[in-house]
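Number of protein chains: 2
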Amino acid sequence: MRDILPGEKRTREELLAQIRALYTARGFQEIETPGLEDLERLTSGQGGDNEKLVFKVQKRGDELKRAIEEGGELADLGLRFDLTVPLTRFYATNRAKLPRVFKAIQIGNVWRAERPQKGRYRQFLQCDIDIIGDESPLAELELISASLAALDAIGLSSATIRLNDRRLLTQGLKAAGVTTNIEQAMITIDKLDKIGSSGVAEELGEQFGEEVAKAVLRWLEDSKSAELPELLAWAKDLGEYASRVRFDPSLVRGMGYYTGAIFEIEYPSVDASIGGGGRYDSMVGRWAGVDAPAVGISLGIERIIDLVDQPQKRAGSLVLLIEEDVAVALTKQQELIAQGLEVRLERKAKNLKAQLAELSEQGYESFAFLVSGAELEIRPLD
Amino acid sequence: MRDILPGEKRTREELLAQIRALYTARGFQEIETPGLEDLERLTSGQGGDNEKLVFKVQKRGDELKRAIEEGGELADLGLRFDLTVPLTRFYATNRAKLPRVFKAIQIGNVWRAERPQKGRYRQFLQCDIDIIGDESPLAELELISASLAALDAIGLSSATIRLNDRRLLTQGLKAAGVTTNIEQAMITIDKLDKIGSSGVAEELGEQFGEEVAKAVLRWLEDSKSAELPELLAWAKDLGEYASRVRFDPSLVRGMGYYTGAIFEIEYPSVDASIGGGGRYDSMVGRWAGVDAPAVGISLGIERIIDLVDQPQKRAGSLVLLIEEDVAVALTKQQELIAQGLEVRLERKAKNLKAQLAELSEQGYESFAFLVSGAELEIRPLD
Chain V
-14 MRDILPGEKR TREELLAQIR ALYTARGFQE IETPGLEDLE RLTSGQGGDN
36 EKLVFKVQKR GDELKRAIEE GGELADLGLR FDLTVPLTRF YATNRAKLPR
86 VFKAIQIGNV WRAERPQKGR YRQFLQCDID IIGDESPLAE LELISASLAA
136 LDAIGLSSAT IRLNDRRLLT QGLKAAGVTT NIEQAMITID KLDKIGSSGV
186 AEELGEQFGE EVAKAVLRWL EDSKSAELPE LLAWAKDLGE YASRVRFDPS
236 LVRGMGYYTG AIFEIEYPSV DASIGGGGRY DSMVGRWAGV DAPAVGISLG
286 IERIIDLVDQ PQKRAGSLVL LIEEDVAVAL TKQQELIAQG LEVRLERKAK
336 NLKAQLAELS EQGYESFAFL VSGAELEIRP LD
Chain F
-14 MRDILPGEKR TREELLAQIR ALYTARGFQE IETPGLEDLE RLTSGQGGDN
36 EKLVFKVQKR GDELKRAIEE GGELADLGLR FDLTVPLTRF YATNRAKLPR
86 VFKAIQIGNV WRAERPQKGR YRQFLQCDID IIGDESPLAE LELISASLAA
136 LDAIGLSSAT IRLNDRRLLT QGLKAAGVTT NIEQAMITID KLDKIGSSGV
186 AEELGEQFGE EVAKAVLRWL EDSKSAELPE LLAWAKDLGE YASRVRFDPS
236 LVRGMGYYTG AIFEIEYPSV DASIGGGGRY DSMVGRWAGV DAPAVGISLG
286 IERIIDLVDQ PQKRAGSLVL LIEEDVAVAL TKQQELIAQG LEVRLERKAK
336 NLKAQLAELS EQGYESFAFL VSGAELEIRP LD
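Protein chains in written order, with the numbering used here: chain V, -14 to 367; chain F, -14 to 367.
(1) Which residue or residues does DSSP assign as beta-bridge partners of K298 (chain F)?
(2) With 9 Å set as the bound, which would you pick, yes or no: does the beta-carbon of L315 (chain F) sit closer than that to a beta-carbon of chain V?
(3) CB-CB under 8 Å to L24 (chain V), same chain, minus the five flanking residues each way: which ones, in chain order?
(4) Measuring only the C-alpha atoms, how far is G(-8) (chain F) from Q347 (chain F)?
(5) Please confirm if M171 (chain F) has its CB atom under 9 Å from at least one CB of chain V.
(6) Alpha carbons only, please: which of F:S351, F:N336 and F:A339 is nearest the one belonging to L330 (chain F)?
(7) State the start and end residues of the unbroken alpha helix (DSSP H) segment that holds S351 (chain F).
(8) Could you list which residues in chain F have their beta carbon closer than 7 Å to that of M(-14) (chain V), in chain order?
(9) Of all the CB atoms in chain F, is at least one closer than 9 Å to the CB of P234 (chain V)?
(10) Answer yes or no: do R238 (chain F) and G260 (chain F) have a C-beta to C-beta separation smaller than 9 Å?
(11) Exposed or buried, what is Q297 (chain V) when buried is set at 16 or more other beta-carbons lying within 10 Å of its beta-carbon?
(12) What is the DSSP secondary structure of I259 (chain V), reduced to helix, strand or coil?
(13) Please report the straight-line C-alpha distance between A359 (chain F) and A353 (chain F), rounded to a whole angstrom.
(14) Q108 (chain F) and Q91 (chain F) - do their beta-carbons sit closer together than 9 Å?
(15) Could I get the ranges of all uninterrupted beta strand (DSSP E) runs contained in the region 201 to 259 of chain V, with 3 residues as the minimum, in chain order?
(16) Quick one: which chain V residues come within Cβ less than 9 Å of Q43 (chain F)?
(17) Just the C-alpha distance for T69 (chain V) and Y106 (chain F), rounded to the nearest angstrom, thanks.
(18) Tell whether a beta-carbon distance below 9 Å holds between M171 (chain F) and L154 (chain F).
(19) Helix, strand or coil: which one does DSSP assign to T316 (chain V)?
(20) Verify the CB distance criterion: does L223 (chain F) have a CB-CB separation below 9 Å to chain V?
(21) Could you spell out the range, first to last residue, of the beta strand (DSSP E) harbouring R375 (chain V)?
(22) Keeping to the same chain, check which residues put their C-beta closer than 7 Å to that of P71 (chain V); ignore five residues upstream and five downstream.
(23) Please name the residues in the region 322 to 333 of chain F whose beta-carbon is closer than 8 Å to at least one beta-carbon of chain V, in chain order.
(24) Touching or not, the region 139 to 159 of chain V and the region 215 to 234 of chain V, by the rule of three or more beta carbon pairs under 8 Å?
(25) Leaving out the 5 sequence neighbours to the left and right, which residues in its chain are closer than 7 Å to Q169 (chain F) when beta-carbon positions are compared?
(26) Can you check whether the C-beta of L123 (chain V) is within less than 9 Å of a C-beta belonging to chain F?
(27) So with CB distances below 8 Å, who are the chain F contacts of F380 (chain V)?
(28) Measuring CB to CB, does A135 (chain F) end up less than 9 Å from I(-11) (chain F)?
(29) Under three-state DSSP, which class holds E308 (chain V)?
(30) Go ahead and label N166 (chain V) buried or exposed: buried means 16 or more other beta carbons lie within 10 angstroms of its beta carbon, across all protein chains shown.
(31) Tell me the DSSP bridge mates of T145 (chain V)?
(32) Which ranges does the beta strand (DSSP E) cover as unbroken runs of at least 3 residues, wholly within the region 94 to 180 of chain F, from first to last along the chain?
(33) Exposed or buried, N94 (chain F), counting other C-beta atoms within 10 Å across all chains shown (16 or more means buried)?
(34) From which residue to which residue does the beta strand (DSSP E) around V280 (chain V) run?
(35) Cβ closer than 8 Å: which chain F residues qualify as neighbours of A368 (chain V)?
(36) Hey, quick one: how far does the beta strand (DSSP E) through K335 (chain F) stretch, first residue to last?
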């Protein structure tokens, strides 16, 4: 976990405001769920490996005492590890107040008790859009075009999307002779980027025999150069975005809950994906009683923020250096703000040079001394 | 804890964007700290009764096993109960990268394990500004004028501020004969709103004798009608806001860490305060090693949101009802968004009447059918 300092925080909030505005303009509605969910729900088998990383919150008062005495489960709540499990719970709880096709925006922190390592945080921000209640590919089309439009809006127009469908993976693996443990074969294929095709061939060989391994790799190789499969033909409707989506038969994505289309967002110069998602048609039913089709896409804000320029100076920012006349300073500040400036009041320090250097470092563009009766003389801070 | 539905969430985000913009224009800088802090820090005696309400997060892996075996503390982290303790920790950690006078904005959730009751949530949003490093009343003046300006901006210009100083309370109580347990006397005075002056007199009588109780009440009564005391004379510099601030000698505020000015924001028709704060000059030193003067003010967003109107319809929002031609619909949507509209794509349902009623319910203002080749005919949704 880490602190976010003023410069990064400002860039982050500006970026989120742009993404939020863009998603909202496309008819998505923002919601918020609590950071804490019932521990039982967070460990019910929907979250794959993430379930092992839940921060557990202790029971309180008498319940805790009883649990300790009886040697029972000491925790009853947990911090959410993603926004998808909470969303499906939200939908189940609030369905009556939501439109038949619900298009959700969620921007919120999630927590995972990972071992500290470079580039991984134990609290990080996710920005998800999901469509619940539409079983047609219109949902996929809306999510993909909204995500690419959002990335364009924040200056990341080189982002592209890899596309696959879980059903194609299953079909291909079956045709290549994988009859049991299909999930395990997918997990191995998912390592293609890391261990290469020879590594994948070896691992599949150990699991399913050499013949099957060869057949799987041949199938992956053949489908790579193939046309967009029928199941993904809807992607042609993407219009201006069609050229930024490509079929990747080896794309798996880790989560066990995906049932159809899956996608991952790539950016040149970035090894890992900067976002991803897919269709998870059988998850809502777990809490809602009634199944509802669902598909979602998530932007990895921590990675995206590293790709966005942080301006050195803030346009229109001014430090008003004052000595005594506080009341006049407060009035003057109001006046300058009304003219569109960002105005910081600051008592003039004895070491003026150091003070100005520090304010320049903080991104202020200009400064002025408040001298009563005199016109304000605004000078640049360099 | 509760879910926030689309209508409220939109109002809430619009309101926060306005407050954020206003504070930023006055030279405050937004930061963010993690939701989790070391449990030791959260229970070190700075947070008064709130320390009893910390949600504790269990240790993990071997550390948890060891703690269970040894009967030690099972938790090592906790969810923050306010934004002030984390801010002072943040300042201690990041001091070298911050300006000498640090003016912070924090907007974030806090958690308290309260018993469920009406109007109290176990997760709620706080919006704080603090100034660290300025021992002069310029800091108080900036905080009060910024808060009132923020409340004005969101339409709550009837908000007023009650003002006192902890040192005045101490002086007055001493003069009235309270020589020990001054904190306890303050806690009793703090109940004035709830139990009235006869209740306070009784409780003080039990604690300090009838004579002292009478003297305390006489002092409170006398100071009420008195001029602004010398210690609070700075408030005259508030200019246009001066008339919205009034001295209240009986204002205490719960937290033990206040050392100087204290304030509470009131709004007509609301029983409880909608915000408050004060000076806490000796708190930063606990983590930073070096003391730094500090003062802060917090807006209670959950209460404020109830005072702000939630619009029934969103201006410029349109539902585009489509049948088949998805690619055309996506292009048309882009086009209309570029014209400044909020556009939701929706497949035309069999029961059109019910569909339109539902969309109207969701705040959409108008709808149109997408008919290829034909001009779009936008009609109101009522």
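All residues carry an ideal CB built from backbone N, CA and C; glycine is no exception.
On the basis of the coordinates in this document:
(1) According to DSSP, K298 (chain F) bridges with nothing at all.
(2) yes
(3) By the criterion of a C-beta distance shorter than 8 Å, L24 (chain V) is surrounded in its chain by V39, K41, V42, E58, A60, D61, L62 and G63, once the five residues flanking it on both sides are discounted.
(4) 8 Å
(5) no
(6) F:S351
(7) Careful: S351 (chain F) lies outside any alpha helix (DSSP H), inside the beta strand (DSSP E) at S351 to F354.
(8) Neighbours of M(-14) (chain V) on chain F, chain order: P19 and L21.
(9) no
(10) no
(11) exposed
(12) coil
(13) 11 Å
(14) no
(15) 230 to 232 and 246 to 251
(16) Ordered by position in chain V, the residues that pass the 9 Å Cβ test against Q43 (chain F) are F40, K41, V42, Q43, L59 and A60.
(17) 23 Å
(18) yes
(19) T316 (chain V) falls in the helix class under three-state DSSP.
(20) yes
(21) The first residue shown for chain V is -14 and the last is 367, placing residue 375 (chain V) beyond what the model contains.
(22) T18, E22 and R65
(23) I322, L326, E327, V328, R329, L330, E331 and R332
(24) yes
(25) Q192
(26) yes
(27) This structure cannot settle anything about residue 380 (chain V), because the visible part of chain V is limited to -14 through 367.
(28) no
(29) coil
(30) exposed
(31) V:E251
(32) 108 to 117 and 145 to 150
(33) buried
(34) Segment A279 to G285, the beta strand (DSSP E) holding V280 (chain V).
(35) With chain V represented from -14 up to 367, any question about residue 368 (chain V) goes unanswered, as that position is not in the structure.
(36) Per DSSP, K335 (chain F) is not a residue of any beta strand (DSSP E), being assigned neither H nor E.
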